[in-house]
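To start, the structure itself, in C-alpha cells.
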Amino acid sequence: MDINLKVESLISAQGAWKIEVLKDIFIQEDADRILSFPPALSLADSWVWAYTREGVYNVKSGNWLGSRKVASQAQQTETNKRVNELKTQSWKIDTEPKIRLFLWRLLSGALTVAERIIAHGMQANSICSVCRNGAESIKHVMFDCFVAKQVWRNTCIPVDQWNLDSVEAYIKKLYEAMNKTSLNINHRRVIPWLLWGIWKERNSRVYAVVIGDPHITTGRALEESYLWFIMKEDNSPAQSHNSLPRRVQKNWQRPRQGILKCNVNSFWSNPRRMCGGSWIFRDCNGEVIYHAREAFLAASNRIAAEFRCVLWTLRSLLDIHIENVEIWSDCGAMVEAVKNPKDWPRYRSYIDLFEKLRRGFRSCILEASSSQANTVARRIAASVILEGRFNSYLAAGDPSWLSSLIISEKSSGR
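In this text, residue positions in the sequence shown follow my numbering: the first is 10, and each later residue adds one.
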C-alpha cells in the first residue's frame, strides 16, 4: 500500500468512488462502509466522532471509549510485565554474553526487520527478504520463515507445531524446554545458539547474499554450544557426569606410559571449498613418531569434515600397524556424536564406519580436546588450504616448520 495515498486518488473525475480501487486497498467490510457514503466534494473537511451512530460526541460514548482504553492499558501492562520477566530471565541463560544480549534485543523488538523499521517511520518493503512469503516481523524471521522452520525441524523441539501468536510466547516455551529433563541435555542447551544461528543466517542471506544450509546452521549451533560448555566445565571444580566428556585437555598433555596419542584436525571453511586434514602421533615422552596431511573434497559442514579426517586417520594407523591409540579432536560435536549416536542420527553412517574401523585396534579411545591443545594438528590442516599444500604425505618425525612449537608442548605437557 502507498502510505502517501490521498482520498482524492480514490475519487473519479465524475465525483464517484473508484470501486475497484477501494476493493483493492480495503477489506470488503471497510470498502462497503466507504461506498455507503458518497464523496462530498463541495464540503470542507470536518471531524466525525466514530463511536456514535450520528457521528456526534456524547458523554455515554466518551465513557465507553475511556473504559475500553483503561482495560487495554491494563492488559498491556500485564503483557509488559511478562516480557520484562523474560528479559530478566535472558540475562541468566547459560550461554555466551553476546547471545544473552541478542535474546534481550529480540524480546525488546530491537532487531532490524521490516516491521520495526516501518514502525519507526521509515520506508521499507514489508515482505520477508528471504522467503518472499509473509510480512517480515521478528516472529516471522525467527519462527515462521522457511529457513527458521528447517533449523527447528533438525532438532527434537517441535517449534513448528506450536503455532503461537507472539515472539514472547515462543521464547517462554523455549525457556521452559531448556528446563525439561526429559529432553537430551545437549538439545536443551543448544536453544540460545539456534536462535542466534537463525538470525545470523537471515543476515547472511539478506546483506551478504550468501545462502547457507539450515543443516549447517543447526550443526554449527550444536558444536559451538557443546564446546562452550566443555570449556566452562573444564574450568569448573565439579563436572557434569551425564553430558560432556570428562577428559577435555586445555593444553596439550603427554599420554600415559604405553599409550600413543594422536591429535587430529580438519580445516573447514564453507561447504563449497576443499578441506584440509592432518594427524600427528606422539608417545609418552612427547616425541613425534609420525605425522600426515591430506586434502579432502568439500564437506557439508565441520562435523562431516572432522569425521572424514578421523576415518582417514584410523585407516592410516591401521596401515602402519598401530594397536593402542588415543584420538583427540577439537570438534566436540563429532566426539559427542560418537559417544551418543542415538542423539545424532544425521551422522549414523559416519559413526558406523568409525566403529567398524575401531574394532581393528586393540584399544582405540576418542576424546575431546580444546583448540589450544590441538594447535599443531590445526596448523598442519590449515596449511593444506591456506598455503596450497595439496600433496598428501605420511612422514616419520615432526614437521620441521613446527619444531619449536612441538618442543614447547613437549616441555609443558609433562
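Note that the Cβ used here is the ideal one computed from N, Cα and C, for glycine as well.
Under 6 Å Cβ to Cβ from residue i, same chain only, skipping five residues before and after it: list those, please.
| i | result |
| --- | --- |
| Ser18 | none |
| Arg367 | Cys373 |
From residue i to residue j, what distance separates their C-alpha atoms?
| i | j | result |
| --- | --- | --- |
| Lys189 | Leu112 | 20 Å |
| Arg256 | Trp321 | Only weak support exists for where Arg256 lies, its pLDDT of 48 falling under 50; the value from the coordinates is given anyway. Going by the C-alpha atoms only, they are around 23 Å apart. |
| Asn67 | Lys78 | 17 Å |
| Ser325 | Cys293 | 20 Å |
| Val57 | Val122 | 36 Å |
| Ser287 | Ala230 | 24 Å |
| Met240 | Thr104 | 12 Å |
| Asn142 | Ile126 | 18 Å |
| Ile180 | Pro106 | 18 Å |
| Gly64 | Val168 | 47 Å |
| Tyr60 | Trp73 | 9 Å |
| Leu14 | Arg114 | 34 Å |
| Ser412 | Leu327 | 26 Å |
| Glu232 | Phe238 | 10 Å |
| Leu395 | Cys154 | 36 Å |
| Ile194 | Ile166 | 12 Å |
Can you round the beta-carbon distance between residue i and residue j to whole angstroms, since I take them to be within the 8 Å contact cut?
| i | j | result |
| --- | --- | --- |
| Asn272 | Trp337 | 5 Å |
| Ile220 | Arg214 | 6 Å |
| Asn310 | His224 | 7 Å |
| Ser401 | Ala304 | 6 Å |
| His196 | Thr164 | 6 Å |
Return the residue from the list the options that minimises the CA-CA distance to residue i.
| i | options | result |
| --- | --- | --- |
| Ala40 | Leu50, Ala186, Glu29 | Glu29 |
| Arg198 | Leu327, Pro167, Leu110, Tyr235 | Tyr235 |
| Arg91 | Ser175, Lys351, Phe238 | Ser175 |
| Arg371 | Gly75, Gln37, Ala157, His330 | His330 |
| Thr226 | Glu210, Arg263, Phe238 | Glu210 |
| Gln159 | Leu183, Asp222, Val334, Gly118 | Asp222 |
| Gln262 | Gly295, Leu183, Cys373, Glu232 | Gly295 |
Under 8 Å Cβ to Cβ from residue i, same chain only, skipping five residues before and after it: list those, please.
| i | result |
| --- | --- |
| Arg26 | Per the sequence shown, the amino acid found at residue 26 is Trp instead of Arg. The answer, listed in chain order, is Leu19, Ile20, Ile43, Leu44, Pro47, Pro48. |
| Leu306 | Met283, Cys284 |
| Leu414 | Thr384, Val385, Arg388 |
| Arg32 | According to the sequence as given, residue 32 is Lys; it is not Arg. Contacts found: Ala40. |
| Ser135 | Ala123, Glu124, Ile127, Ala144, Glu145 |
Name the DSSP bridge partner or partners of residue i?
| i | result |
| --- | --- |
| Ala382 | The partner list for Ala382 (beta bridge, DSSP) is empty, contrary to what the question assumes. |
| Val273 | Trp288, Ser338 |
| Leu333 | A quick correction: the sequence has Asn, not Leu, at residue 333. Paired residue(s): Ser372. |
Identify, in the order they occur along the chain, each residue of the same chain with its Cβ nearer than 7 Å to the Cβ of residue i, setting aside the five sequence neighbours on each side.
| i | result |
| --- | --- |
| Glu315 | Ser275, Ser338, Cys340, Met343 |
| Arg398 | Arg302, Ser392 |
| Ala247 | Note that Ala247 scores a pLDDT of 44, beneath 50, so its modelled location is shaky; the value from the coordinates is reported in the next line. Same-chain partners within the cutoff: there are none. |
| Ala386 | Asn272, Val273, Asn274, Ser287, Trp288, Ile289 |
Say yes only if the C-beta of residue i is nearer than 7 Å to one or more non-hydrogen atoms of the ligand FMN, and no if none qualify.
| i | result |
| --- | --- |
| Ala119 | Among the ligands in the structure shown, none appear at all, so the ligand FMN cannot be discussed. |
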